Amino acid sequence: MEKKRVFSGIQPSGSLTLGNYIGALSNFVGLQEEYDCLYCIVDLHAITVFQEPKDLRKNTLDVLSLYLAAGLDPEKSTIFIQSHVPQHAELGWCLNTITPLGQLQRMTQFKDKSSKTKEVDAGLLNYPTLMAADILLYQSDFVPVGIDQKQHLELTRDIAQRFNSKYSDTFVVPEIMTPKVGAKIMSLQEPEYKMSKSSDNKDSYILLLDSEDETRKKIKKAVTDSIGVVNYTDDQPGLKNLITIYSSFTGKTPEEIVKDYENIGYGVFKDDLAEIVVEGLRPLRTRFEEIRSDKEYLEKVYKEGAQKASYLGTKTLRKVHKKMGFIAR
Ligand code: TYM
Numbered sequence: 001m002e003k004k005r006v007f008s009g010i011q012p013s014g015s016l017t018l019g020n021y022i023g024a025l026s027n028f029v030g031l032q033e034e035y036d037c038l039y040c041i042v043d044l045h046a047i048t049v050f051q052e053p054k055d056l057r058k059n060t061l062d063v064l065s066l067y068l069a070a071g072l073d074p075e076k077s078t079i080f081i082q083s084h085v086p087q088h089a090e091l092g093w094c095l096n097t098i099t100p101l102g103q104l105q106r107m108t109q110f111k112d113k114s115s116k117t118k119e120v121d122a123g124l125l126n127y128p129t130l131m132a133a134d135i136l137l138y139q140s141d142f143v144p145v146g147i148d149q150k151q152h153l154e155l156t157r158d159i160a161q162r163f164n165s166k167y168s169d170t171f172v173v174p175e176i177m178t179p180k181v182g183a184k185i186m187s188l189q190e191p192e193y194k195m196s197k198s199s200d201n202k203d204s205y206i207l208l209l210d211s212e213d214e215t216r217k218k219i220k221k222a223v224t225d226s227i228g229v230v231n232y233t234d235d236q237p238g239l240k241n242l243i244t245i246y247s248s249f250t251g252k253t254p255e256e257i258v259k260d261y262e263n264i265g266y267g268v269f270k271d272d273l274a275e276i277v278v279e280g281l282r283p284l285r286t287r288f289e290e291i292r293s294d295k296e297y298l299e300k301v302y303k304e305g306a307q308k309a310s311y312l313g314t315k316t317l318r319k320v321h322k323k324m325g326f327i328a329r
């Protein structure tokens, strides 16, 4: 029986956070045996917000190295850079022609990001159709992402269904796959918001490439409350988030963690959490240093990945072109 297909991507728009790791990257690794996985570094998406070219180059190879350091294996999965496979942009264009403008304007991410800039570029609006193209190009069955991507996944499903009914069955309609714990890691300083690298406050996020000391400090500075009892409730959002992080690193349930820290103060809990996170990330951070300096290896991985992805992508794109009435090349 053929394996089901998994596709996911991360933007190289800065360094990855603990949220990216818990919500997405750490889950990619375990899917490699059971599924046929494609993992992409979505540089075409990153440029919907201006990227300094030299930073984009660096960040793209950083993300690739983090993929590999986390345990993605190029022998098992197809690992590649989005702009190396032009079929993504080509399919994205076709999908734009069957996507209502209103639906794009209603996307939460578009509303958020466009409210922060004076002049809104078309790329930001069309971001979700390119994301749909990423997923549909490979006939993906499952998409492992954090919960913030749910709306994009729903749009992707709509687009697939719309195309299938307009031009006959072509695309697999994909399903979202979110982790049970940690689908939305919150800011360490303002726990009502998602942890995000675009925040101005560096203490609000942990970067995978922060030092161990920085990691410890940020956890110890994390906002909690004055209740003083370790509990997992919406009334204590800061603490709830820390327990979620604890849970995703140890595999313990939030209930078990609450029980372990009964009658113990926040200080001890935070100290323990800091060590758990530092130790949990240590292998990744060590491997990152080794891999990142091996330019030849990185080049081999992304070139072979692009070749494999392009082969698969061409098959779908040919079908799409034929169904839409294009003359075969
Ligand atoms: P990006 O680069 O913003 O985030 C990458 C992944 O990390 C998850 N994530 C989080 N999970 C939990 N808590 C958080 N605080 C947190 N912050 C980020 C995101 O849900 C995501 O899974 N649109 C995508 C990139 C993309 C993509 C795709 C994903 C482009 N094409 C195709 C899947 C399939 C994005 O913005 O990711």
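Take the sequence shown: its letter number 251 is residue 251 in the UniProt record's numbering, and every next letter is one higher. Glycine included, each C-beta is placed from N, C-alpha and C at the ideal position. Just so you know, these numbers come straight off a predicted model, no measurement behind them.
Closer than 7 angstroms: residue i CB and nearest the ligand TYM heavy atom
| i | result |
| --- | --- |
| Gly-146 | yes |
| Lys-194 | yes |
| Asn-20 | yes |
| Val-143 | yes |
| Gln-87 | no |
| Gly-228 | no |
| Ser-204 | no |
| His-152 | yes |
| Phe-7 | yes |
| Gln-139 | no |
| Ile-41 | no |
| Met-131 | yes |
| His-84 | no |
| Asp-134 | yes |
| His-45 | yes |
| Ile-10 | yes |
| Lys-184 | yes |
| Gly-23 | yes |
| Gln-149 | yes |
Cβ-Cβ separation, residue j to residue i (assumed contact under 8 angstroms), whole Å
| i | j | result |
| --- | --- | --- |
| residue 369 | Val-301 | What is shown of the chain runs 1 to 329, which leaves residue 369 out entirely. |
| Val-29 | Leu-72 | 6 angstroms |
| Asp-43 | Leu-25 | So it is not a contact: roughly 17 angstroms between Cβ atoms. |
| Ile-245 | Leu-16 | Rounded, the Cβ-Cβ distance is 15 angstroms, inconsistent with contact. |
| Ala-274 | Lys-202 | Their Cβ separation, rounded to whole angstroms, is 16 angstroms, which puts Ala-274 and Lys-202 out of contact at 8 angstroms. |
| Asp-134 | Gln-51 | No, Asp-134 and Gln-51 are not in contact; Cβ-Cβ is about 18 angstroms, not under 8 angstroms. |
| Gly-100 | Leu-31 | Reading off the sequence, residue 100 comes out as Pro, not Gly. Not really, about 33 angstroms apart at Cβ, beyond 8 angstroms. |
| Leu-188 | Ser-198 | About 15 angstroms separates the two Cβ atoms, so there is no contact after all. |
6 angstroms CB neighbourhood of residue i in its chain, flanking five on each side removed
| i | result |
| --- | --- |
| Ala-160 | Leu-136, Phe-171, Val-173 |
| Ala-306 | Phe-80, His-84, Val-85 |
| Met-131 | His-152 |
| Phe-269 | Val-230, Tyr-261 |
| Lys-4 | Tyr-35, Asp-141 |
| Ile-243 | Tyr-232, Pro-254, Ile-257 |
| Ile-22 | Gly-182, Ile-185, Ser-248 |
| Arg-287 | Ala-69 |
| Gly-92 | Thr-129, Leu-130, Ala-133 |
Exposed unless 16 or more other CB atoms sit within 10 angstroms - verdict on residue i
| i | result |
| --- | --- |
| Ser-247 | buried |
| Gln-149 | buried |
| Asn-263 | exposed |
| Phe-142 | buried |
| Lys-111 | exposed |
| Asn-241 | buried |
| Ala-122 | exposed |
| Phe-163 | buried |
| Val-63 | buried |
| Gly-146 | buried |
| Lys-259 | exposed |
| Phe-7 | buried |
| residue 333 | Since the displayed the chain opens at 1 and closes at 329, residue 333 lies outside it and no answer follows. |
| residue 389 | What the structure shows of the chain is the stretch from 1 to 329, and residue 389 is not part of that stretch, so it cannot be assessed. |
| Ala-46 | buried |
| Asp-210 | buried |
| Lys-218 | buried |
| Pro-53 | exposed |
| Ile-227 | exposed |
| Met-107 | buried |
| Gly-14 | buried |
Close beta carbons around residue i, own chain, < 7 angstroms, minus the five adjacent residues each side
| i | result |
| --- | --- |
| Met-324 | Cys-94, Tyr-167 |
| Ala-309 | Leu-38, Thr-78, Phe-80, Val-85 |
| Val-278 | Glu-212, Thr-215, Arg-216 |
| Pro-191 | Val-223, Pro-237, Gly-238, Asn-241 |
| Arg-157 | Val-173, Pro-174 |
| Val-120 | Ser-114 |
| Thr-314 | Gln-87 |
Same chain, Cβ closer than 8 angstroms to residue i, five either side skipped, listed in chain order
| i | result |
| --- | --- |
| Ala-328 | Arg-318, His-321, Lys-322 |
| Ile-276 | Tyr-246, Phe-249, Thr-250 |
| Gly-280 | Phe-249 |
Counting only runs of 3+ residues fully inside the segment 197-236, write out the beta strand (DSSP E) ranges in chain order. Within the segment 197-236, no complete beta strand (DSSP E) run reaches 3 residues.
Quick one: complete alpha helix (DSSP H) runs, 4+ long, within the segment 34-76? 43-46, 53-70
Could you name each continuous beta strand (DSSP E) segment of 3 residues or more that falls completely within the segment 132-169, going from the start of the chain to the end? 142-144
What are the uninterrupted segments assigned as beta strand (DSSP E) that are 3 or more residues long and contained completely in the segment 83-132, given in chain order? Segments of the beta strand (DSSP E) lying fully in the segment 83-132: there are none.
Within the segment 230-281, ranges of the alpha helix (DSSP H) (whole runs, at least 4 residues): Runs of the alpha helix (DSSP H) inside the segment 230-281: 237-250, 254-260.
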